[in-house]
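In the working numbering, the protein residues as written are 139 to 394.
We put the beta carbon where it would ideally sit given N, CA and C, even for glycine.
All values reported here derive from a predicted model rather than from experimental measurement.
In what follows, a structure is listed as structure tokens, so that the remarks can point back to it.
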Ligand code: MN
């Protein structure tokens, strides 16, 4: 099973690279075909899929209470076990009749939504985005790890933003100005440069060719039990639970 999955992923990666090379040779810009600007290595980051390429809820990599006091255990339990689980359930329902699409993985599907049947496209966008975003979210937080960027990522941040505090202020501002529900992200933009963006609802940065490195969920379900309407307080505190070792590992793997 593991061998067949890895072979499928290998072909998927080669396919994406070949498409990117073809477009590049035709001189296509990165706007109309932004999705293929994703580095081929990023295709490997899809949340692992199960037998028959079913989407699966990744286990939380630490205890529910591990991020206290920034994020309370009850919020973590509902967020992971109920909200994220529902996105996974919906994706399996939606793509049940489409095994070939399911086999391409969540990153491919979200960056090629035009290949998804129109009747389910918006629901795949919402639920698939929810699945990928949260799969990233759990891994870039943790009770351990550096609380500040290090290594090549720190160098890049200092080069673009001057220092980490300024980057943090940009991300907090992006999260606050995201009216309604969405996410604030530090990404690699389609040119490979660090860029802070925010996105509505569960729209994933990969939809338009951005590589998500670290993101903070600003849906009310992620903070309301402890912070009520004080989103800014949540955002400020959230930086106490980011595992920058993991973010740096992602930067090293995906920079291009
Ligand atoms: Mn959420």
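Nearest-angstrom Cβ-Cβ length linking residue i and residue j, presumed shorter than 8 Å
{"i": "residue 211", "j": "residue 224", "result": "With a Cβ gap of about 19 Å, residue 211 and residue 224 do not count as contacting."}
{"i": "residue 353", "j": "residue 323", "result": "4 Å"}
{"i": "residue 270", "j": "residue 185", "result": "7 Å"}
{"i": "residue 310", "j": "residue 370", "result": "7 Å"}
{"i": "residue 262", "j": "residue 254", "result": "5 Å"}
{"i": "residue 326", "j": "residue 348", "result": "7 Å"}
{"i": "residue 292", "j": "residue 390", "result": "With 8 Å as the limit, residue 292 and residue 390 do not qualify as a contact, their Cβ atoms being about 12 Å apart."}
{"i": "residue 192", "j": "residue 230", "result": "6 Å"}
{"i": "residue 427", "j": "residue 334", "result": "Within the shown structure, residues of the chain are numbered from 139 to 394, placing residue 427 beyond reach of any answer."}
{"i": "residue 276", "j": "residue 198", "result": "6 Å"}
{"i": "residue 345", "j": "residue 205", "result": "Going by Cβ atoms, the distance from residue 345 to residue 205 rounds to 28 Å, so no, they are not a contact pair."}
{"i": "residue 394", "j": "residue 313", "result": "That pair is no contact at about 26 Å."}
Heavy atom of the ligand MN within 7 Å of residue i beta-carbon
{"i": "residue 218", "result": "no"}
{"i": "residue 357", "result": "yes"}
{"i": "residue 272", "result": "yes"}
{"i": "residue 269", "result": "no"}
{"i": "residue 342", "result": "no"}
{"i": "residue 360", "result": "yes"}
{"i": "residue 250", "result": "no"}
{"i": "residue 308", "result": "no"}
Unbroken beta strand (DSSP E) run spanning residue i, endpoints
{"i": "residue 390", "result": "From DSSP, residue 390 is part of no beta strand (DSSP E) but of the alpha helix (DSSP H) over 382-392."}
{"i": "residue 320", "result": "320-326"}
{"i": "residue 363", "result": "Not the beta strand (DSSP E): residue 363 falls in the alpha helix (DSSP H), residues 362-365."}
{"i": "residue 355", "result": "349-355"}
N- and C-terminal bounds of the alpha helix (DSSP H) containing residue i
{"i": "residue 373", "result": "369-376"}
Contact between the region 247-267 and the region 325-343: three or more CB pairs below 8 Å? yes
Given 8 Å as the limit, is there contact between the region 225-242 and the region 294-310, that is, 3 or more CB pairs closer than that? no
Assess contact between the region 378-394 and the region 276-294, defined as three or more Cβ pairs (one per stretch) separated by less than 8 Å. Is contact present? yes
In chain order, which alpha helix (DSSP H) runs of at least 4 residues are fully inside the region 219-274? 223-233, 237-240, 244-249
If you scan the region 185-220 from start to end, which runs of the alpha helix (DSSP H) of 4 or more residues do you find wholly inside it? 211-216
Of all the beta strand (DSSP E) runs that stay within the bounds of the region 282-343, which reach a length of 3 or more residues? 320-326, 332-338
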